[in-house]
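There are 2 protein chains.
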Amino acid sequence: MLSKKTKYGIKALTYLARLEDKTPVQIATISKSENISLKFLESILLTLKKNGFLASKKGKGGGYYLLKEPNEIQMTDVMRILEGPISMIPCVSLNFYEKCEDCPDENACAVHKLMAEVRDSSLQIFRNTTLADLCNC
Amino acid sequence: MLSKKTKYGIKALTYLARLEDKTPVQIATISKSENISLKFLESILLTLKKNGFLASKKGKGGGYYLLKEPNEIQMTDVMRILEGPISMIPCVSLNFYEKCEDCPDENACAVHKLMAEVRDSSLQIFRNTTLADLCNC
DNA sequence: TTAAACCCTATAGATTTAGTAGATTAATAA
DNA sequence: TTATTAATCTACTAAATCTATAGGGTTTAA
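Top line first, the protein sequences correspond to chains A and B. For what it's worth, my numbering labels the leading residue of the first sequence as 4, then goes sequentially. For what it's worth, my numbering labels the leading residue of the second sequence as 4, then goes sequentially.
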């Protein structure tokens, strides 16, 4: 299951990407527009900021704004930061690899084989989709 | 993330599918061979039985055995029963559809669009993969 | 009598999804 | 310059749910 964190994060990013100008937008504005719990959104935007997607301005007239161009933001990166591994199982993960304790031989493992295929196809979609692609719905 | 339930379920199914004859296999045998907690495996095999993949024989000399041929067991069915929806989000699920409360228009939703693509590609893999395909690793 | 599946319940731990309270920073009005 | 206000930031807490087992008793068949 996709976490609400990721869902809300993507929604917030597309909200910002759809705007004409790049003046800061308050958390509360996005929160109301997208029906997202304000404090939860706050923490999500913070992690997006820490990972270089967004920047913020404090104080009166402050808010968040996109740092990169929408077509430069790949979904692989967004997913990995908000959701974690693309793979459904650590033993096929490229960025978060971990060996299964119970599995003596990965090459003989049916689950490994199946999940590697799923990872490949998901990865291809996330790589070929940018924030810009998601904006024109 | 793939649950251990699904992982163990698939491993147990492949274990049975790889056998020459169809004599019942005890839970404990599979449990030891695949390093799966016995009681957990018990409940997994039970749900696989209730859903028509396995049959069991009680008492001495009893155990579990495959009901269908491995090439008749699609991964879509196994995944839906053990893991639940193929989709990462209910609003794109074919079998477990649910509307998002926060989302006024699915067609304008970036998350919906992205996750629909992911579902399609995953579904294609699970449909085209049977238990027989996973056995020859 | 024994060995196996079956059934029911409980539970520790992790994760998710927030909520609460206050600190910090910056623009603006007095 | 000072006070006020509006915004982000930080830290702690908490409820709810899910996961992965463990335990113990029941039923069935060789």
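The beta-carbon is built from N, C-alpha and C at its ideal position, and this holds for glycine as well. Here the structure is a predicted model, which is why all the values come from computation and not from measurement.
State the DSSP-derived secondary structure class of Y18(B), mapped to helix, strand or coil. If DSSP states are grouped into helix, strand and coil, Y18(B) belongs with the helices.
Next item on the list: Would you kindly report the start and end of the unbroken alpha helix (DSSP H) that includes L51(B)?
Entry: Here the alpha helix (DSSP H) through L51(B) covers 41-53.
Worksheet item: In chain order, what residues of the same chain have a beta carbon less than 8 Å from the beta carbon of L19(B), not counting five sequence neighbours either side?
Response: Hits under 8 Å: V28, I33, L57, Y67, Y68, L69.
Output the distance between the C-alpha atoms of C106(B) and E109(A), rounded to the nearest integer angstrom. Spanning the two alpha carbons is a distance of roughly 41 Å.
Checklist entry - Three-state secondary structure (DSSP) at Q29(B)? => result Looking at Q29(B) - three-state DSSP - the assignment turns out to be coil, as it is neither helix nor strand.
**Asked** Span of the beta strand (DSSP E) holding S59(B)?
**Response** Residue range 57-60 is occupied by the beta strand (DSSP E) that includes S59(B).
**Message:** I'd like to know whether the C-beta of A113(B) is nearer than 7 Å to at least one C-beta of chain A.
**Reply:** For A113(B), a Cβ of chain A is located within less than 7 Å of the residue's own Cβ.
By DSSP's criteria, T133(A) is part of a beta bridge. Which residues make up the other side? T133(A) is bridged by DSSP to Q77(A).
ask   = Around the C-beta of T26(A), are 16 or more other C-beta atoms found within 10 angstroms, so that it is buried, or is it exposed?
value = Around the Cβ of T26(A), a 10 Å sphere holds fewer than 16 other Cβ atoms; the residue is exposed.
| message | The beta strand (DSSP E) that contains G87(A), what's its start and end? | response | For G87(A), no beta strand (DSSP E) segment is defined, and its DSSP state is neither H nor E.
Notebook entry, point to check: Between S125(B) and the rest of its own chain, which residues show a CB-CB distance below 6 Å, the 5 nearest in sequence each way excluded?
Noted result: Within the same chain, S125(B) has close Cβ partners I89.
* Name the one or two DSSP bridge partners that G12(A) has. => Within the DSSP bridge table, the entry for G12(A) names no partner.
Original post:
Relative to the alpha-carbon of E37(B), which residue among K10(B), K52(B), K116(B) has its alpha-carbon at the smallest distance?
Top reply: For E37(B), the closest of K10(B), K52(B), K116(B) by C-alpha to C-alpha distance is K10(B).
Fill in: 8 Å Cβ shell around M82(A) - same chain, five flanking residues per side excluded
Within the same chain, M82(A) has close Cβ partners T9, I89, F129.
query: With respect to the beta strand (DSSP E) encompassing G66(A), which residues constitute its N-terminal and C-terminal limits?
result: From DSSP, the beta strand (DSSP E) with G66(A) extends over 66-69.
Along the segment 14-33 of chain B, where does the CB come closer than 7 Å to a CB of chain A? Name the residues.
Residues passing the 7 Å Cβ filter: K14, T17.
Along chain B, in chain order, which residues have C-beta atoms closer than 7 Å to that of T132(A)?
The contacting residues are L117.
Discussion item. When you compare the CB of L97(B) with every CB in chain A, is at least one pair closer than 7 Å?
Written reply: Closer than 7 Å: no.
Notebook entry, point to check: For P93(A), which of helix, strand or coil comes out of DSSP?
Noted result: Correct three-state label for P93(A): helix.
> For a contact meaning CB atoms closer than 7 Å, what does E101(B) contact in chain A?
Replying inline: The contacting residues do not exist; E101(B) stays about 12 Å from chain A at best.
**Prompt:** Is DSSP giving D105(A) helix, strand or coil here?
**Reply:** DSSP, reduced to helix, strand and coil, places D105(A) outside both helices and strands of the structure shown, so it counts as coil.
Cβ atoms of L16(B) and I30(B): under 7 Å apart, would you say?
Taking 7 Å as the cut-off, the beta carbon of I30(B) is found no closer than this to the beta carbon of L16(B).
Worksheet entry | Residues, ordered as in the chain, of the segment 65-95 of chain B that lie near chain A by beta-carbon distance below 7 Å | Residues of the segment 65-95 of chain B with a Cβ closer than 7 Å to any Cβ of chain A, in chain order: M78, M91, I92.
Worksheet item: Within 7 Å (strictly less), CB to CB, does S124(A) reach chain B?
Response: For S124(A), the answer is yes, since a Cβ of chain B falls inside 7 Å of its Cβ.
- In angstroms with no decimal places, state the Cα-to-Cα distance between L51(B) and I84(B). Rounded to whole angstroms, L51(B) and I84(B) show a C-alpha spacing of 8 Å.
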